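Undergrad: First to last, the protein sequences are chains A and B.
Going by the numbering used here, the first sequence opens with residue 9, and the numbers climb by one from there.
Going by the numbering used here, the second sequence opens with residue 328, and the numbers climb by one from there.
Glycine included, C-beta positions come from ideal geometry on N, C-alpha and C.
Keep in mind the model is a prediction, meaning the values are calculated, not measured.
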Amino acid sequence: MPPRPLAQSPRKVFDGFGFCQRSVSAFVQPRSVEDVAAVLSRASEEGVRLGMRGSGRSYGDAALNGGGLILDMRHMGRVLSWDAQTGVIEAEPGLTIRELWTRTLADGWWPPVVSGTAWPTLGGCVAMNIHGKNHFRMGGISDHVLELDLITPGGEHVTLSPTRDPELFFAVLGGFGMLGVVTRIKLQLKRVYSGRLRVQQFHTPTLQSQLERFEQHTQDSDYLVSWVDCITSGGGLGRAQIHRATYLHEGEDPGGVAMLSPAKQDLPGHIMGVPKSIVPKLLKLFSFNLGMQAVNLVKYAASVVGSTKPYLQGHAAFHFLLDYVPEFRQSYAPGGFIQYQPFVPKEVALPVLTEILRRSQRAGIVSYLGVLKRYRPDRVLLPHALDGYSLAMDFPVTAANKADLWRLCGELSDVVTEAGGRFYPAKDSVLRPQDVQRAWGQDRLSRFAALRRRADPRGVLRTEWAERVGLDVFDR
Amino acid sequence: MSTAFPRALIVGASSGIGATLALKLAGTGAKVAAVARRQAELDALAAQSGGKVLPYAGDVLDYAATPALFDRIVDDLGGLDLFIYNAGVMPPVEESEYNFDKDRQMIEVNFLAAVQWSNLAAAHFEAARAGVLCGVSSVAGERGRRGSPVYTASKAGLTAYFEAMRNRLTRYGVRVVTIKPGPVETPMTAGLKLPLMITADQAANEIVSALEGGATEAFVPAIWRPIMFVVRNVPSFVFTKTNI
Numbered sequence: 009m010p011p012r013p014l015a016q017s018p019r020k021v022f023d024g025f026g027f028c029q030r031s032v033s034a035f036v037q038p039r040s041v042e043d044v045a046a047v048l049s050r051a052s053e054e055g056v057r058l059g060m061r062g063s064g065r066s067y068g069d070a071a072l073n074g075g076g077l078i079l080d081m082r083h084m085g086r087v088l089s090w091d092a093q094t095g096v097i098e099a100e101p102g103l104t105i106r107e108l109w110t111r112t113l114a115d116g117w118w119p120p121v122v123s124g125t126a127w128p129t130l131g132g133c134v135a136m137n138i139h140g141k142n143h144f145r146m147g148g149i150s151d152h153v154l155e156l157d158l159i160t161p162g163g164e165h166v167t168l169s170p171t172r173d174p175e176l177f178f179a180v181l182g183g184f185g186m187l188g189v190v191t192r193i194k195l196q197l198k199r200v201y202s203g204r205l206r207v208q209q210f211h212t213p214t215l216q217s218q219l220e221r222f223e224q225h226t227q228d229s230d231y232l233v234s235w236v237d238c239i240t241s242g243g244g245l246g247r248a249q250i251h252r253a254t255y256l257h258e259g260e261d262p263g264g265v266a267m268l269s270p271a272k273q274d275l276p277g278h279i280m281g282v283p284k285s286i287v288p289k290l291l292k293l294f295s296f297n298l299g300m301q302a303v304n305l306v307k308y309a310a311s312v313v314g315s316t317k318p319y320l321q322g323h324a325a326f327h328f329l330l331d332y333v334p335e336f337r338q339s340y341a342p343g344g345f346i347q348y349q350p351f352v353p354k355e356v357a358l359p360v361l362t363e364i365l366r367r368s369q370r371a372g373i374v375s376y377l378g379v380l381k382r383y384r385p386d387r388v389l390l391p392h393a394l395d396g397y398s399l400a401m402d403f404p405v406t407a408a409n410k411a412d413l414w415r416l417c418g419e420l421s422d423v424v425t426e427a428g429g430r431f432y433p434a435k436d437s438v439l440r441p442q443d444v445q446r447a448w449g450q451d452r453l454s455r456f457a458a459l460r461r462r463a464d465p466r467g468v469l470r471t472e473w474a475e476r477v478g479l480d481v482f483d484r
Numbered sequence: 328m329s330t331a332f333p334r335a336l337i338v339g340a341s342s343g344i345g346a347t348l349a350l351k352l353a354g355t356g357a358k359v360a361a362v363a364r365r366q367a368e369l370d371a372l373a374a375q376s377g378g379k380v381l382p383y384a385g386d387v388l389d390y391a392a393t394p395a396l397f398d399r400i401v402d403d404l405g406g407l408d409l410f411i412y413n414a415g416v417m418p419p420v421e422e423s424e425y426n427f428d429k430d431r432q433m434i435e436v437n438f439l440a441a442v443q444w445s446n447l448a449a450a451h452f453e454a455a456r457a458g459v460l461c462g463v464s465s466v467a468g469e470r471g472r473r474g475s476p477v478y479t480a481s482k483a484g485l486t487a488y489f490e491a492m493r494n495r496l497t498r499y500g501v502r503v504v505t506i507k508p509g510p511v512e513t514p515m516t517a518g519l520k521l522p523l524m525i526t527a528d529q530a531a532n533e534i535v536s537a538l539e540g541g542a543t544e545a546f547v548p549a550i551w552r553p554i555m556f557v558v559r560n561v562p563s564f565v566f567t568k569t570n571i
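#1: Which residues of the stretch 373-405 of chain B have a Cβ closer than 8 Å to any Cβ of chain A? Give them in chain order.
#2: Which first and last residues belong to the alpha helix (DSSP H) in which Thr-110 of chain A is found?
#3: Does any C-beta atom of chain A lie closer than 8 Å to the C-beta of Ala-454 of chain B?
#4: Put Ala-393 of chain A into one of helix, strand or coil per three-state DSSP.
#5: By Cβ distance below 6 Å, which residues in the same chain neighbour Ile-138 of chain A in space, the five residues on each side in sequence not counted?
#6: Assess contact between the stretch 364-384 of chain A and the stretch 224-239 of chain A, defined as three or more Cβ pairs (one per stretch) separated by less than 8 Å. Is contact present?
#7: Would you mind reading off the limits of the beta strand (DSSP E) that contains Glu-98 of chain A?
#8: What is the DSSP secondary structure of Arg-415 of chain A, counted as helix, strand or coil?
#9: Counting beta carbon pairs with one atom in the stretch 416-434 of chain A and one in the stretch 339-356 of chain A, are three or more of them shorter than 8 Å?
#10: So with Cβ pairs under 8 Å, would you call Val-460 of chain A a contact of chain B?
#11: Going by DSSP, what residue range makes up the alpha helix (DSSP H) through Phe-546 of chain B?
#12: If we count the other Cβ atoms within 10 Å of its Cβ and call it buried at 16 or more, is Thr-316 of chain A buried or exposed?
#13: Going along the chain, which residues of its own chain have a beta-carbon closer than 6 Å to the beta-carbon of Leu-352 of chain B, five neighbours each way excluded?
#14: Given that a residue counts as buried once 16 or more other Cβ atoms are within 10 Å of its Cβ, and exposed if not, what is Asn-426 of chain B?
#15: Going by beta carbon distance, what residues of the same chain come within less than 8 Å of Asn-532 of chain B, once the five residues before and after it are set aside?
#16: Determine the chain A residues that contact Ala-450 of chain B at a beta-carbon separation under 8 Å, and present them in chain order.
#17: Just to confirm before moving on: does the CB-CB distance between His-323 of chain A and Gln-249 of chain A stay below 8 Å?
#18: Per the contact definition of three or more C-beta pairs closer than 8 Å, is the stretch 471-483 of chain B in contact with the stretch 430-443 of chain B?
#19: Does the CB of Ala-99 of chain A have a neighbour CB from chain B at under 8 Å?
#20: Apart from the five residues on each side of it in sequence, which residues of its chain come closer than 7 Å, Cβ to Cβ, to Glu-475 of chain A?
#21: I want to verify the contact list: residues of chain B whose CB lies under 9 Å from the CB of Ala-15 of chain A, in sequence order.
#22: Going straight from the alpha carbon of Leu-113 of chain A to that of Leu-268 of chain A, what length do you get?
#23: Pick out the complete alpha helix (DSSP H) segments inside the stretch 352-393 of chain B, 4 residues or longer, and give them in chain order.
#24: Under 8 Å by Cβ, that's how I've got Val-134 of chain A and Val-44 of chain A pegged, so tell me the actual separation to the nearest angstrom.
#25: Between Leu-388 of chain B and Ala-440 of chain B, which are expected to be in contact by the criterion C-beta below 8 Å, what is the C-beta distance as a whole number of angstroms?
#26: Nearest chain C C-beta to Asn-570 of chain B closer than 8 Å, yes or no?
#27: Pull up the distance between the alpha-carbon of Lys-435 of chain A and that of Arg-50 of chain A, whole angstroms please.
#28: Using beta-carbon positions only, say whether Pro-394 of chain B and Ala-361 of chain B come within less than 8 Å of one another.
#29: Cutting at 8 Å between CB atoms, please list the residues of its own chain near Gln-16 of chain A, excluding the five before and the five after it.
#30: Which two residues bound the contiguous beta strand (DSSP E) that contains Ala-335 of chain B?
#31: Counting Cβ pairs closer than 8 Å, one from the stretch 153-164 of chain A and one from the stretch 462-474 of chain A, do we hit at least three?
#32: Work out the CA separation of Thr-110 of chain A and Gln-151 of chain A for me, nearest whole Å.
#33: Given that a residue counts as buried once 16 or more other Cβ atoms are within 10 Å of its Cβ, and exposed if not, what is Thr-94 of chain A?
#34: Looking at C-alpha atoms only, which residue of A:Lys-194, A:Lys-284, A:Leu-390, A:Gly-418 is the closest neighbour of Asp-443 of chain A?
Below is the structure:
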C-alpha cells in the first residue's frame, strides 16, 4: 500500500510561546535521518509546504505553518556521542538544552550558550542562533557549533563546518529553518568547575548609569543581565536591577565537585516565599498597568535595599528564569503576550532605548517586563546580534490593545532600523517586510535567497514568520 | 435577515433532519455547505434554497478525501461558524441477528466518520477561539438496547465524544452542542413504529432553537429529557426484562 499523502497526516493546533498566534497544521514526527529524507522528498513531490518545530519556544509564528505540514523534531533527540575529555557532544536536533546539560554537567561541562528557558531543542537553538546572558563574551550558539549535517529539500545530504561550505554553514546557523533540516549537531561545550556561579546584584537609578555599569563589567563578568523597569518615567526612566555572574575556578566552590551533580540544579519551589504553582494566578491579579507598576516598584525597591554582596547560585537557577514558574504565561491569559526585542548599536543605545521607552509610555502601552543584555558582532549571514544592546519587552495582548500595540511596534521598528538596529526572529510577532529589509540589508538577503534557491529550489520550506516578513519575495 | 451562523457546514444533509436543517439555516441568511453522498438530492436542495445551500458530494467513509474536502469547504465559505455532524444509519437488525457488516457500517458512519469530521472542525474552532461544534446523537445513546445493540453503542460513543470535546473546547470559547433526538419521521425510520414520533421539520426547528439559544445539550423534543432520566436510572435487573 502506498504511504498516506503528507497532507492527510494527523492535525494539531500549534501555538507560539506567547500564545497569541496559533494555527492548525498536519504534522509528522520523524525518528531517523531516513524518515527526514523521505518526508522532504515526498513534500517536494506532493507540493506540501513544510515548517520545522521543536519545543515551540519561539514566541510568535516562527514555528507555525498553518495549512501546511509541521515537521515535529522532538522524537529525534538522541545523544550520538559524548567526549567528557574534550567537551564535544554530537546530538540529534530534538535534544533539549535541559537534556544536554543533565548529561554533561557531572563531567564538568555546561552549554556555552543557553537561552532563558531550558526547553528549546538544539535544532531550534541552531536555527535561531540563540543567545544568552553572555553574548558579549561567548557570542551566539553558532560560535560553538563545530559541525552540522543538513538535508535539503533539494535532496542534498551535506556536512557543514566553518571550513566546509562556510557560506551555507553560516547561513543555516540563524537561518530559521529555511535551508533544510539539520539532523546532527556537533557542539563544543564550556568547561566548568562547579554547578554554581558567583552572582552579584546591584541597582542603577537611570538608563545612562545602567549602560555605564554594563560597559564597566563586560571585562570582569561572564554573564550580565538587567531587569529594566519600563513603566517608571521621568528621572527614573530605565532604572534597573543588574545581575552579573562569574564562573568559579577549580576548587573554589566550598561545596566541592559534588555541586556538579545535575540534582543540585533543581529550581526552588518558592519565589519570595510564594509557592510557584500559584505565582501565575497571583501575577494575573496585577496584570494591568497600575498593578504592574506596583510590582516593578517593589522589585526595584528590593534591589535598592538588597545586599550587593556576591552569593553562589546554581546555573539553572541563574539562567532559566522563565522555567521558575511553570506556565507563567498563563498570567497573560486569555489574549497572550508578545515579546518585542530590538537590538541597537552601543553608540546610540542611550538615545534609542530612551526613545523606545518614552514612546511606549506615551502610547499607554508599557512592557510589564524589560530585560537588557549586551552583545558582540556575530558571524552568521543573518545575525540579530551586533556590538550593542537588546531590550526585550513583554507586552500583554488584549482584544482592545492589539491594533494599537502593533502600530506602536511598527513605530518602534522604524526608530530601531533608522539607528542601524536589528531584531530576533525567535521572539518576533510584529515585524513587517520593510523592517527585515532595513535590518539585514539587500546584500545579506540576496545572498540568503541565492542559498535558498540552491537548497530548496521548489520552495518547500515555509513558516508563517518567513511569509509574514516577506522572505519569499527575495527568492524571485 | 441576520443570522447567528453566517457560515455553516452540515454533514449528512441530503434528506431527513439534515436537509431540513440546511434549508432552515439558509432561510436565516446563512451560507450552508451541505455534504452527502447523493449528488441529485443535494442539487435539488441547493435549487430549493435558491442557491443558499452549497452542495458538496462526498462519502463520509472516504477517509482519505475528507481532510481536503473540509479545507475546500472552509475556503469556499471564507471561514466557519457552525459545524453539524448529522450523518447516521440504522439498518434493521433482527432479533438474534449478529451481523458484523451492519455493525461496522453503523460504527463507521455514526461514530468513526463523525470523529474524523468533528476533529477537523474542532481544530479549526480551537485555533479560531470561536465556533459551534454540533453533533446529532440520539436518545438511543442513553442505554444499550436489545433491539439495536450497535446503533445504541455508536450513539453512546458519539455522545461521550461530544462531551469530551465540550470539556476540551469550552475553555477556548467554542460551544459544543449534543443534540439527542427521539424518533423522527425520516427515511431512516420509515416503516418503523416508534413512540413520540415528530416530523423532520419539527426536529429541525427545535435544533435551530437550541443552536441559537446557547444550549450545549438538547433533547428533541424536550419531553425526552425526563423520560431518559427515568430510563437511565432503571436498574439493570429490571431493564433486562423489558422490551425497550
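TA: The structure says:
#1: Ala-391, Pro-394, Ala-395, Asp-398
#2: 105-112
#3: yes
#4: coil
#5: Ser-123, Ile-149
#6: The stretch 364-384 of chain A and the stretch 224-239 of chain A touch, with no fewer than 3 CB-CB distances between them shorter than 8 Å.
#7: 96-99
#8: helix
#9: yes
#10: Contrary to the premise, residue 460 of chain A reads as Arg rather than Val in this sequence. No, because no Cβ of chain B sits closer than 8 Å to the Cβ of Arg-460 of chain A.
#11: Phe-546 of chain B: not part of any alpha helix (DSSP H); member of the beta strand (DSSP E) spanning 544-547, first to last residue.
#12: Per the 10 Å Cβ criterion, exposed.
#13: Ala-335, Val-359
#14: exposed
#15: Lys-351
#16: Arg-19, Lys-20, Val-21, Val-32
#17: no
#18: yes
#19: no
#20: none
#21: Close to Ala-15 of chain A, with beta-carbon spacing below 9 Å, are these residues of chain B in chain order: Pro-394, Ala-395, Asp-398.
#22: Distance between the alpha carbons of Leu-113 of chain A and Leu-268 of chain A: 6 Å.
#23: 366-375
#24: That pair is no contact at about 15 Å.
#25: 6 Å
#26: Given the protein chain composition of this structure (A and B), no chain C is represented.
#27: Note on geometry: alpha-carbon atoms of Lys-435 of chain A and Arg-50 of chain A lie some 31 Å from one another.
#28: Cβ atoms of Pro-394 of chain B and Ala-361 of chain B: not closer than 8 Å.
#29: Ala-34
#30: 334-338
#31: Short answer: they touch.
#32: Per the sequence shown, residue 151 of chain A should be read as Asp rather than Gln. Taking the straight line joining both Cα atoms gives about 22 Å.
#33: Looking at its Cβ environment, which holds fewer than 16 other Cβ atoms inside 10 Å, Thr-94 of chain A is exposed.
#34: A:Gly-418
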